[in-house]
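Single-structure report; data block below.
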Amino acid sequence: MQTSLLFAAIALYLLCAVLPSRRAVLISGLTAAAWLLHGAGLWSEVAGFPGTSAGSIRIGFAAMLSSALWVSVAAYWIENQNFSLDGMRRLVMPNAALAAALQVGFPGSVIPLEDKSPLFGWHIAIATLAYSTLTVAAFHAVLMALQEKRLHAGTDSKSFMSGALDRLPALLTMEKLLFRMIGIGFALLSLTVLSGIVFSEQLFGQALKWDHKSVFTLMSWVLFASLLAGRRFRGWRGKTALSFTLAGFATLLLAYVGSRFVFEVVLHKGWA
Numbered sequence: 001m002q003t004s005l006l007f008a009a010i011a012l013y014l015l016c017a018v019l020p021s022r023r024a025v026l027i028s029g030l031t032a033a034a035w036l037l038h039g040a041g042l043w044s045e046v047a048g049f050p051g052t053s054a055g056s057i058r059i060g061f062a063a064m065l066s067s068a069l070w071v072s073v074a075a076y077w078i079e080n081q082n083f084s085l086d087g088m089r090r091l092v093m094p095n096a097a098l099a100a101a102l103q104v105g106f107p108g109s110v111i112p113l114e115d116k117s118p119l120f121g122w123h124i125a126i127a128t129l130a131y132s133t134l135t136v137a138a139f140h141a142v143l144m145a146l147q148e149k150r151l152h153a154g155t156d157s158k159s160f161m162s163g164a165l166d167r168l169p170a171l172l173t174m175e176k177l178l179f180r181m182i183g184i185g186f187a188l189l190s191l192t193v194l195s196g197i198v199f200s201e202q203l204f205g206q207a208l209k210w211d212h213k214s215v216f217t218l219m220s221w222v223l224f225a226s227l228l229a230g231r232r233f234r235g236w237r238g239k240t241a242l243s244f245t246l247a248g249f250a251t252l253l254l255a256y257v258g259s260r261f262v263f264e265v266v267l268h269k270g271w272a
């Protein structure tokens, strides 16, 4: 049942990605349906799979990535009600389909919760929201880079993305949206770091466990903090802002998804 829900969501995501922009009402409805199916399949895989007790969940790199894209689809759908972000659809939908497909192939490991701190669930939820918000910011940055490149090229060439790029808001509006997303994501990332410190202290008896996940997360936090400070005091924008955004997102991706991929797929180890 869980797998069927995810496959249905994948099919609708891919359909949404290829439908022409003039079918806006249909696209909006299919996006909502795909999001609901994805959410139901995600919840069933993480907390409702056969044999799950009330005190355990199943999670891994694919579930975390799938959760982040699930929230990203919701953020896109809401933002698209106020701004024409059809280009975002061309990026978000295929990636959401890929994330859901990865969850089918790599369901993750079962984690008992009886011995975990009550903060563990909150930490995972806040971290997922932080990853999701900054994922949307990364999509925004990619769109802005493509939009700027098309403007400078000065051509009328038609492609899969060109029509969608032409309907995007002005670059200044896109930039405001980008920094709004980064500000929200940075606040959530800060809460993730703080809750991680408390969680680590209760579980390991030390304020911060210096493993790969902590190092990459802190590196990402520093990059986004530098970007926001540079924006506030030095007026950073354009390519500088886009570079910091993508670098911060890539580092954050390595912090959990990348490291868990290595553990689960390359080293065939469970939760660590």
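Going by UniProt numbering, the sequence shown opens with residue 1, and the numbers climb by one from there. All C-beta atoms, glycine included, are put in the ideal place defined by N, C-alpha and C.
Whole-angstrom distance between residue j and residue i, CA atom to CA atom
i           : j    : result
S220        : L194 : 14 Å
G51         : S226 : Below a pLDDT of 50, predicted positions are generally treated as unreliable, and G51, at 49, falls in that range; the measurement from the model is reported next regardless. Spanning the two alpha carbons is a distance of roughly 46 Å.
R231        : L178 : 12 Å
T245        : G185 : 11 Å
V104        : T3   : 6 Å
R23         : T251 : 37 Å
W77         : L146 : 21 Å
M144        : S21  : 19 Å
A187        : F224 : 10 Å
L151        : G235 : 22 Å
A130        : F249 : 10 Å
G121        : V46  : 12 Å
A33         : L91  : 18 Å
Q81         : G39  : 21 Å
L30         : L12  : 6 Å
L165        : V198 : 44 Å
V222        : V142 : 21 Å
residue 276 : L42  : In the structure displayed, the chain extends from 1 to 272; residue 276 sits before or after that span and is not available.
Secondary structure of residue i, DSSP reduced to three states
i           : result
R180        : helix
R237        : coil
residue 334 : Nothing can be reported for residue 334, as the shown portion of the chain is limited to 1 through 272.
A11         : helix
A170        : coil
D211        : coil
S84         : coil
L65         : helix
Close beta carbons around residue i, own chain, < 8 Å, minus the five adjacent residues each side
i    : result
T173 : F83
T128 : M64, S67, A68 and V71
Range covered by the alpha helix (DSSP H) that runs through residue i
i    : result
F106 : Careful: F106 lies outside any alpha helix (DSSP H) and carries neither H nor E.
Same chain, Cβ closer than 6 Å to residue i, five either side skipped, listed in chain order
i    : result
S132 : A68, V71 and S72
P94  : A17
V136 : S72, A75 and M181
I27  : C16 and L19
Within-7 Å CB hit, residue i to chain D
i   : result
I57 : Going by chain labels, chain D is absent from the structure shown, which holds only one protein chain.
Residue i beta carbon near the ligand MG (any heavy atom closer than 6 Å)
i    : result
T192 : The ligand MG is not part of the structure shown, which contains no ligands of any sort.
Own chain partners of residue i with C-beta closer than 7 Å, once the 5 adjacent residues on each side are dropped
i   : result
A97 : I10, Y13 and L14
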